Each structure stands twice: as structure tokens, then as C-alpha cells.
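2 protein chains.
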Amino acid sequence: MKTLREAPKDEEARGAQFLIRAGYVNKEMAGVYNYLPLGLKAIEKIKAVIREEMAGLGAEEIEMTALQNAKTWQASGRWDDKVMDVWFKTKLNAGGEVGLAPTHEEPITKMLTAYVNSYKDLPCSVFQFQTKFRNELRAKSGILRTREFLMKDLYSFAKNREEHEEFYHKVEASYKRIYEKLGLPQVYQCFASGGAFSKYSHEFQCLTPVGEDTIYHNADFSVVLNEEVLNDEVLSELGVKREELVSEKAAEVGNIFTLGEKYSEPLGLKFNDENGERKNVFMGSYGIGVSRVFGVIAEKMADEKGLVLPSAISPYQYYLIGIGDEGMRAAEEIYARAPEKFIFDDRDERPGVKFADAELIGIPERVVVSDKTLRDGKIEVVTRANGATKLLTKEEFLSKLS
Amino acid sequence: MKTLREAPKDEEARGAQFLIRAGYVNKEMAGVYNYLPLGLKAIEKIKAVIREEMAGLGAEEIEMTALQNAKTWQASGRWDDKVMDVWFKTKLNAGGEVGLAPTHEEPITKMLTAYVNSYKDLPCSVFQFQTKFRNELRAKSGILRTREFLMKDLYSFAKNREEHEEFYHKVEASYKRIYEKLGLPQVYQCFASGGAFSKYSHEFQCLTPVGEDTIYHNADFSVVLNEEVLNDEVLSELGVKREELVSEKAAEVGNIFTLGEKYSEPLGLKFNDENGERKNVFMGSYGIGVSRVFGVIAEKMADEKGLVLPSAISPYQYYLIGIGDEGMRAAEEIYARAPEKFIFDDRDERPGVKFADAELIGIPERVVVSDKTLRDGKIEVVTRANGATKLLTKEEFLSKLS
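Taken in order, these protein sequences are the chains called A and B.
According to this note's numbering, the first sequence is numbered sequentially starting from 221.
According to this note's numbering, the second sequence is numbered sequentially starting from 221.
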């Protein structure tokens, strides 16, 4: 790992500049980012939080492919570039055209026709962490809107609307817990436009000036809606007046959607009910942009010196610096106790350079062991978020580690 | 999870048929496979074995992108479809052409120009588990040669050839341990063609009739070479006579390659040595096809009834069946002790159906708790590989679990 003095000139968002300079990501080209060791560790921590919640929902993890068969998408009408304008398409040397999945409703629906046949097979749900490809005309705001990104997508399959809604409400609660556990503040569930099978979908919107969406909310956020559904009918239905609402910019960090029979009908995902009647499966889809969540955290949780990551997603808990011969020896001993918790900055650099990098990288706590602090038998621990400084004995600090 | 009676008709390889029927993978289209919960668990186990060895080598994990900038590959000459004939290329809506990475030498070399500048930054090594895309004219042998597959690729960066070779030998030893830990037998290190910076590369070839390569070896496998380097010069260099060698079909499950300055020179990956002289970094690359390893295991480790997976990669250790009321109750109790170790087949099916599925899926041990065995206070444990049957008390079995 190595920090950089400058981010690429075309990188406008502050969070993205920090992520690049701190060595979390590297820009391959516009809207396409490589993950360096620190960035990959942060992403894995986000995935672990989500995975725990998916297990709680009883969803099974799978992994579908990026390459997509045109036929599957022709059935739903979404192969057409006019209907889905973000396709990357490419040709097989063996003949024929394939696409890169921008989402997975069609292939998952088709795949489940092999495994769902009876009411006994329902309800069920599956999820994946999978790279999506979207041919965006303009890549924006660092890792917020990119052409290749990691998404968690969950799909549910139910016998009927009631069974679907029961699961849908569980996902609502689960998503709220996910943002809380990640330490991402100011995330609100928001009404957005629905489809043929439900008047609304729900988005989880996080307030940030770099967000692409505009949301409207009342004073206590008990009503939050996307600009796209701001009309008299919706306002009266939600029992709120236009003048009670204020608008803010926000970034979508999740969405949940009642698909109903939109895909099961054209792709033939049916089941025999208790009376032997053949029915369409009732579906839902639920997304979280994993790399986008990381991007939003980088935008929101930073100051002028660098990132201020929450513990839940920080690749390490401590940034460890030893100063002086004795300080360095003591730091080495501490590091050896729990190497997975530390970035140990043992470079041959001045302390000032190390302090600046610690702030740029945004690890929650900086631990300094110097000849000077050791004279009083102490170790200095500084919280990145608020600068609070504590002097602990070595024993006190080590007991925090275990 | 659900087993299927039949695999797709165009699926010829026996291992691939079993993987599909047992519910490990699902065929999206020719050469493109989705991973179902069982398959994904097996892949994660393979990754864990490899990751442990990569940590031992001191390599850092990263994740690069699939989308590739034409310019980076034009520098090495490999953007040309005549030089690299497996490219998938696609157009950006914003203008310009991008490719889907068939491998990552070029982008990793270019990326490291931002982080490597001095001899102090070397040696270093990075690896990733990343999906590769290859536009194969013919997809073959199930998941052995596919158009989209998971690969572990490791890249090393050294100051000079000596430093490179030291790492190269460590990787050789590490790869041998990986195949051993995975439980994949008959893997041999094999001489294959090299490049401008080394006469040979090394492949790890696993004997199997479905393999695409032909290797030649002597009686004790102390000399193993790929057909492509079978010539008088090589034979005399290895001190072996043509008539001492026999040929066999094999599948490549890994390769290690001295790249030298092949990519560092055109992509400008240089460093200042101790004397301030600017030099090219000396590189190596080391691949293991993760999904291919799984495919080879499925081909080799199977009998007429189904798969016979080694414990190291089996998604679960035990296939649990309860027979009769009391048997089912006891099975539920056992399952609750360590659910992560069991597939608990609690379907409303005849025991014969469950036994057949247990054999198809190839979980290492089948555990049957029936009213009959319980009359003697016993549980039946059958080893999938050899049919060996043991009767254990519940206590004896539970003590194996912890």
C-alpha cells in the first residue's frame, strides 16, 4: 500500500479523490475502478454485514454469470437497446450476440423454472454478490455511478401477493439494520415509482450533496418520497401537503421492488398450487449497490484531511506508529498480538508523514507508541472522528484487543 | 437445492452432467455456468485453500476490473485479435471500444507504475480471484473450458532475475501444497514452452482422459513435459530418452511463468535501483483456474452413481437422513448441533430416493439415523468413497463433530 499526493485530475468528487489517494481504489478508466488491498478489505466487510442479514432472511447465496443469452431477455422485451439503454453487447466467435448483465431478473427467473414446480418449492429466495455492467453515457461521482460495479441482488419467489408481502416487510427491516450496522447515517426509506404490480417501490436514500436523486421529506422524515412520484394524488394518499416538504439531494443505496408476475409470466416460471392449478410465481427484487455504499460512505464520512471510516467497514481498527527505538520495539510487540487489527506504519518516514497518512486513510483509531509516552508507561490512542486523545497503559490497550 | 433427473443433452462430460444433476451448477448457455448454493460453497472452499497459501507467500489480495482500456493492451501488442484471439470487445455508449479481460498482465503492470518507483518498493506480489472472459470458438468439457470462469492470478514484481527465481520456487512449492490440500490426485509439474525471458514455463497437469493436453512422462514422473516441447534438444537437456516416455491426456490446473521484462518494458514499469539507475521490473505470473479445478475434481472423483468429493472442497461433510419418527427426531437433534456440517435431507421422500441423491451429490459421509439403528443405540455412517460402513453411538458421532 502506498498513498498518493494527487488524485487523477478528472476525479471531481472529494470522497473518490480520498479513496484513490489513500490507496483504496485505482482508476482503470472513467467509471471503472480496481480495488486495492485496503479497498477490497472494506468491500468484504460490507459484504459480511449484508450476508449476515441475508442468512437471517433464509436466502441462499448463488452466483450467476455476466454473459447473457439474448433469447432470455427477448422474452421480457428488455434485450432492445431502446428499452434497456445500458447494455454492453458483444459477439461470440462461435456466432451470435451476447450481453453483459446489467441486472439479473430475467436469467434468475428462467433458471428457477428448472427447480420450482410445486407449491412445496415456495416460498424461496436467493441472493448474490455479482458484478454488474452498465453502459452509462456519463460515469459520475467517483465510485457512485460506474460502468462496472458490485451489487448484492436478492430475488424472492412466492405463491401469492400475501406471501410476497410478508417477505417484503422482512427485507425492509433487514435493510434498515444493514445501514445501521454499516454506520451509514441519514438513510431514509423513500417512496418511488412502482410498476404493473405495485403502485410504489421503495428506495433507501442517503442524504448527500453528491447524490443524483432529489427527495422530498417532511420535518421528522415520516414521509419521504422521490421527486418522480411528487404529485397531488400521491401527496393526498400519503396525507401530507406540498408545503410541508423540503427537497434534498440524496444517493440511492438500496431499493426493493414488487415485481409480481412481470418476469414469471413471460419466462414461464409457474407452479402447481394445492389444487393442481398452474399459476405464475409472484416475485420481488431487492438490491444494494455494494461499491456504491462504499462510495457514499467515502463522500459523507470525511473531513478536509481525509476519510473518517466507521469501524464496521474500516479495513483495520488501528493505525499503529512507533517513534524512537524503544517506541518502535514496543509497537512491534503490540502488532504481533493481533496483526489483523493494525496497519503498522513501519516505514522509514518522519512521524508527520505518518500522521498525515493515518488521517487520509481514515482508520478509526491512531495508536502512537513513542519513547516519550513510554517514559510514563503510556500509549497514545487518538480517535479519528473527533480527535479525542487517551493515554492508556500497555496493559489497558492490550485488553481492548482481545 | 434440488437434484435433476437429466442433464442438458449437449453436456457430454460425465463430471459436468453430475455437477448439473446434483445441483452444483446450472448451464446458462454453452460455456457459461451459474453457480448454485452447493457449487458456490465448493468454490469458496477451493478459494480458502488457495488464499491461505497466497498469504504464506506474502501476496496481497486485490481485485481488478473486467472492462479493459484498449490503450493499455495496444502498448503490449495484445489488443490485436490476431495476437489474442479470445477477446470479447464491446462499445462504450460514450464512444470508444473496451475489452473484457481474458487475463490481467497488462492492466496490473500499468497499475503498478503508480505504486512502484524505488528498489524499496520491491519485491512485491499481488493476487486476485477474478472472472475472466474468453471468446472460445468451442466451449468444451463442462466447466473445464468455458467462456466465463473464475481464476486466481498472482503476479510478482522483482528487482532482478535472482530475486524473481527465489519467489518462483516458493510458488512451485505452494502450488504442490494447494493440490494436495484440495485432495486432487495425479497432479504433476510439467515443462511447457517459455518465452523471451525463460526457456520453459511450468504447468501443473492433472491426468484425466477429458483433458485437452497431451503430456509425456517417464515411469516415476521425475520427467514430465508438455507435447509442445517434445523435441530432441529438450530431451537431451532433461537427460531422458524418447522411448522412456509414455503419453497421457491431462488437464492443466495451474501454470507459472517467468515474464521477465515482457510487460514492464512496453508499459513502463520501472524502478530506481540502489545506484539511482532506472531499470525494468522483472515479473512473473502464476495462475490457477478455480472453476476448472472444480471441474477436474468432478471428472476424476466420481463413480457411476455420482460425485465423490474430497472433504476439503465438499460443501458439507455429512449427508443426514432420518428414517421413522424417532429417527427423524434424533436426526433433527444432531443437525442442530452443527448445521454448517450437514445437508439434512428432511424431504418427504422414500429413503431410496435420499440415498440416491446422497450418492449423486457426493458428500463424503452419509449419516443415517433410523428407528432400527436406534434400537441398538446406534447411528450408521457410510463413507461415500469406499462404501465403508460404521455403526457409532450418538455420543461417538457427536464427539467427531466438535
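Yeah, the Cβ is synthetic: ideal placement off N, Cα and C, and Gly gets one too.
These numbers come from a predicted model, not from an experiment.
- Membership of B:Leu-258 in the alpha helix (DSSP H) is indicated by the continuous run 257 to 276.
- Against chain A, the CB of B:Ala-470 has no partner CB under 7 Å away; the residue lies outside that interface.
- Relative to B:Lys-352, the option among B:His-324, B:Ser-484, B:Lys-261 whose CA is nearest is B:His-324.
- Among the residues of the stretch 343 to 358 of chain A, those with a Cβ less than 9 Å away from any Cβ of chain B are Val-346, Gln-348, Thr-351, Phe-353, Asn-355, Glu-356, Leu-357, Arg-358, in the order of the chain.
- Distance from the Cα of B:Arg-462 is smallest, within the candidate group B:Thr-478, B:Glu-472, B:Asn-438, for B:Asn-438.
- Annotation for B:Val-513: the continuous alpha helix (DSSP H) segment containing it runs 510 to 520.
- Taking a beta-carbon distance threshold of 7 Å, B:Tyr-335 counts as an interface residue toward chain A.
- Out of A:Val-443, A:Arg-397, A:Leu-404, A:Tyr-388, the CA that lies nearest to the CA of A:Ser-418 is found in A:Tyr-388.
- Residues of the stretch 285 to 317 of chain A with a C-beta less than 7 Å from any C-beta of chain B: Thr-285, Ala-286, Leu-287, Asn-289, Phe-308, Lys-309, Thr-310, Leu-312, Asn-313, Ala-314, listed in chain order.
- With a threshold of 16 other beta carbon atoms within 10 Å, A:Ser-338 falls short and is exposed.
- For B:Asp-373, the three-state secondary structure derived from DSSP is strand.
- Annotation: A:Asp-577 to B:Ala-393 spans about 37 Å, alpha carbon to alpha carbon.
- The way I'd put it, the stretch 538 to 554 of chain A doesn't touch the stretch 405 to 412 of chain A; fewer than three beta-carbon pairs between them come closer than 8 Å.
- The Cβ atoms of B:Ile-363 and B:Ser-511 lie closer than 7 Å to each other.
- The Cβ atoms of B:Phe-514 and B:Ala-275 lie no closer than 7 Å to each other.
- Between the alpha carbons of A:Lys-561 and A:Gln-537 lies a distance of about 5 Å.
- For A:Ser-421, the closest of A:Arg-498, A:Asn-451, A:Gly-504 by C-alpha to C-alpha distance is A:Gly-504.
- Residue-level contact check: B:Ile-599 does not touch chain A, since none of the beta carbons of chain A fall below 7 Å from its beta carbon.
- In this structure, the straight-line span from the alpha carbon of B:Ile-240 to that of B:Asn-246 is close to 6 Å.
- Under the Cβ criterion of 7 Å, B:Ile-363 is not counted among the residues facing chain A.
- B:Asn-495 sits exposed, since fewer than 16 C-beta atoms from the chains shown fall within 10 Å of its C-beta.
- Where B:Tyr-555 is concerned, the enclosing alpha helix (DSSP H) starts and stops at 544 to 557.
- Per DSSP, reduced to three states, the secondary structure at B:His-422 is strand.
- In this structure, the CA atom of B:Glu-248 is about 20 Å from the CA atom of B:Val-516.
- Interface annotation, B:Ile-398: not in contact with chain A, CB-CB separation never under 7 Å.
- Close to A:Lys-222, with beta-carbon spacing below 7 Å, are these residues of chain B in chain order: Tyr-335.
- A:Phe-502 sits buried, since 16 or more C-beta atoms from the chains shown fall within 10 Å of its C-beta.
- For B:Tyr-339, the closest Cβ of chain A is not nearer than 7 Å.
- Residue nearest to B:Lys-469 within the set B:Gln-425, B:Ser-484, B:Phe-369, B:Phe-377 is B:Gln-425 (criterion: CA-CA distance).
- For A:Leu-370, the closest C-alpha among the options A:Asp-545, A:Lys-620, A:Ile-270 is that of A:Ile-270.
- For the stretch 372 to 383 of chain A, there are no residues whose beta carbon sits under 8 Å from a beta carbon of chain B.
- With respect to the 7 Å criterion, A:Thr-329 and A:Leu-465 are not classified as neighbours on the basis of their beta carbons.
- The beta carbon of A:Leu-312 lies closer than 8 Å to those of Val-318 in the same chain, with the five residues before and after it left out.
- For A:Leu-445, the closest alpha carbon among the candidates A:Asn-475, A:Leu-618, A:Ala-416 is that of A:Asn-475.
- By the neighbour-count definition (other C-beta atoms within 10 Å, threshold 16), B:Asn-355 is a buried residue.
- In the displayed model, B:His-437 falls within a strand according to three-state DSSP.
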